[in-house]
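Reading through the structure tokens given below for one structure.
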Amino acid sequence: GGRQGRGRDSPALRAAKEINSEIVKAETPQEVLNTFASRGGAKGLAGGGVFNSVNFSTCLHRLARIASAFNPNGAAAQAETRRSILSDPRFALLFCSAAEAIVGVDESISTAASLKVLEGAGVEERVAQLIKNDGGESFMRVQFKPREISNVAWAIAKLNFSPPASVFPIVRSSECSQGMEDAEDNIKVMPKEEIIFDLVATSLKVRSQVLEVAKERSAIGDPALKAQVKSRWIPTLSQLGAKVLDLTSAFGADLYAPSQPGLFQSQEVANALYSFATAGRADPPFFDILAKRHFEVSAEMKRRGQQEARPQEFSNSIWAFATAGITGPRQR
Numbered sequence: 595g596g597r598q599g600r601g602r603d604s605p606a607l608r609a610a611k612e613i614n615s616e617i618v619k620a621e622t623p624q625e626v627l628n629t630f631a632s633r634g635g636a637k638g639l640a641g642g643g644v645f646n647s648v649n650f651s652t653c654l655h656r657l658a659r660i661a662s663a664f665n666p667n668g669a670a671a672q673a674e675t676r677r678s679i680l681s682d683p684r685f686a687l688l689f690c691s692a693a694e695a696i697v698g699v700d701e702s703i704s705t706a707a708s709l710k711v712l713e714g715a716g717v718e719e720r721v722a723q724l725i726k727n728d729g730g731e732s733f734m735r736v737q738f739k740p741r742e743i744s745n746v747a748w749a750i751a752k753l754n755f756s757p758p759a760s761v762f763p764i765v766r767s768s769e770c771s772q773g774m775e776d777a778e779d780n781i782k783v784m785p786k787e788e789i790i791f792d793l794v795a796t797s798l799k800v801r802s803q804v805l806e807v808a809k810e811r812s813a814i815g816d817p818a819l820k821a822q823v824k825s826r827w828i829p830t831l832s833q834l835g836a837k838v839l840d841l842t843s844a845f846g847a848d849l850y851a852p853s854q855p856g857l858f859q860s861q862e863v864a865n866a867l868y869s870f871a872t873a874g875r876a877d878p879p880f881f882d883i884l885a886k887r888h889f890e891v892s893a894e895m896k897r898r899g900q901q902e903a904r905p906q907e908f909s910n911s912i913w914a915f916a917t918a919g920i921t922g923p924r925q926r
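For the sequence shown, this note's numbering gives the first residue as 595, with consecutive numbering after it.
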């Protein structure tokens, strides 16, 4: 399975810890992206087996934190930091790798081989072959833990690169839509497997566009002319950001199941609520799951004598419901 070699004190785990240490020390976006590239994360699908789920979530969280931090040079300088991140091909490859890792894409498959998947008809069947299948329950499931997913969602919201539902409809799993109205505004319904296939196909499209632009730039000798070649992958990357959020929402019941007590804190639930509301991709069924889980986790923490949820977490959650315009049985 994909978890081999990642046990206690394994070389892979030691390497992942070293990478994480390097990421959290980074003070600029360039340093974060340099770590991703120099460690080999850009060489294959899903990080080429070099980065684990914690590394990916830390990378994206660190970039978002740097981009959203107070800039003494003003709002224009802060906006330029964000622009430089989103237009960097290494960020595109980092986000593609993270998206692929989230759904369990086989990291041993080369990028060149994977891009052939997009050629011709029958793309969905070929995309399915890119996903690791060990016959276990993790097949066609979200591979990241709730804390890591919350960090990724927070990064997407803070970097502000996914379109809101008013521009790009939310995709809800058909399992979540049972018993709900069919004709809802800005909602598209798909089976969970199709949501995964579509996400992977979109990631491969971003990779293909990054490669096309790189070839175009490499053929130009004049630096000024080279700089004029636009980062044409950004609109597709924006859609991929939305699809990662929608995937999280589709698998919300699994991710935030009551059967997983103690695996995450109320902060992760509050962060997820905040992120989806900020990104404009809040879906009522998912928010209902999160709200219920928020209270369950808080009650469990209190029962165990652990530190209870901070007031800020509840205020952030209330803000998220108000911003998303969602009301329901869990809002109380």
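Even glycine gets a Cβ: it sits at the ideal position worked out from N, Cα and C.
On the CB-based measure, 16 or more other CB atoms within 10 Å of its CB, does residue i come out buried or exposed?
i      : result
GLY835 : buried
PHE664 : exposed
ASN667 : exposed
THR629 : buried
GLN822 : exposed
THR830 : buried
THR622 : exposed
ILE912 : exposed
ARG684 : buried
ILE814 : exposed
PRO785 : exposed
ARG898 : exposed
GLN803 : buried
GLY638 : buried
SER604 : exposed
GLU719 : exposed
SER869 : buried
GLU862 : buried
VAL618 : exposed
ILE920 : buried
LYS929 : In this structure the chain extends from 595 to 926, so residue 929 is not present and cannot be described.
ARG676 : buried
GLY641 : buried
SER702 : exposed
PHE733 : exposed
LEU849 : buried
The alpha helix (DSSP H) spanning residue i covers which residue range?
i      : result
ARG677 : 669-680
PHE755 : Run containing PHE755: none; DSSP gives neither H nor E here.
ARG659 : 647-662
ASN614 : 605-619
ASP848 : 846-849
LYS820 : 817-821
Starting from residue i and walking both ways along the beta strand (DSSP E), at which residues does that stretch end?
i      : result
ARG766 : 764-767
VAL783 : 781-784
How is residue i classed by DSSP in three states: helix, strand or coil?
i      : result
GLY635 : coil
ILE920 : coil
SER704 : strand
ASP776 : Here the model assigns ASP776 a pLDDT of 48, short of 50, so the residue's position is not dependable, and the following value carries that caveat. ASP776: coil per DSSP, three-state reduction.
VAL699 : strand
PRO855 : Its pLDDT being 48, under 50, PRO855 is placed unreliably in this model, and the value from its coordinates should be taken loosely. Note: PRO855 maps to coil in three-state DSSP.
ILE725 : strand
TYR868 : helix
LYS799 : helix
ASP882 : helix
ALA876 : coil
TRP827 : coil
THR622 : coil
GLU694 : helix
GLY595 : In this predicted model, GLY595 has a pLDDT of only 39, less than 50, meaning its place in the structure is not dependable; the value taken from the coordinates is given anyway. The answer is coil: DSSP assigns GLY595 none of H, G, I, E or B.
GLU713 : coil
ILE814 : coil
PHE685 : helix
VAL891 : helix
LYS837 : helix
GLN861 : helix
PHE791 : helix
GLY641 : helix
ASN665 : coil
ARG735 : coil
VAL807 : helix
SER911 : helix
Flag residue i as yes when its Cβ comes closer than 7 Å to any non-hydrogen atom of the ligand PLP, and as no otherwise.
i      : result
GLY714 : Among the ligands in the structure shown, none appear at all, so the ligand PLP cannot be discussed.
| said: For the structure I just gave you, are there three or more beta carbon pairs, one from the segment 647-654 and one from the segment 684-695, closer than 8 Å? | reply: With a cut-off of 8 Å on Cβ pairs, the segment 647-654 is in contact with the segment 684-695, counting three or more such pairs.
| request: Tell me, please, whether the segment 840-851 touches the segment 788-800 by the rule of three or more beta-carbon pairs shorter than 8 Å. | output: yes
| Does the count of Cβ pairs from the segment 865-880 and the segment 720-730 closer than 8 Å reach three? | These segments do not touch.
| query | At a cut of 8 Å, does the segment 793-802 reach the segment 709-720 through at least three beta carbon pairs? | reply | yes
| Taking one C-beta from the segment 730-746 and one from the segment 634-654 each time, how about it: are there three or more such pairs within less than 8 Å? | Here the segment 730-746 lies against the segment 634-654, with 3 or more beta-carbon pairs under 8 Å apart.
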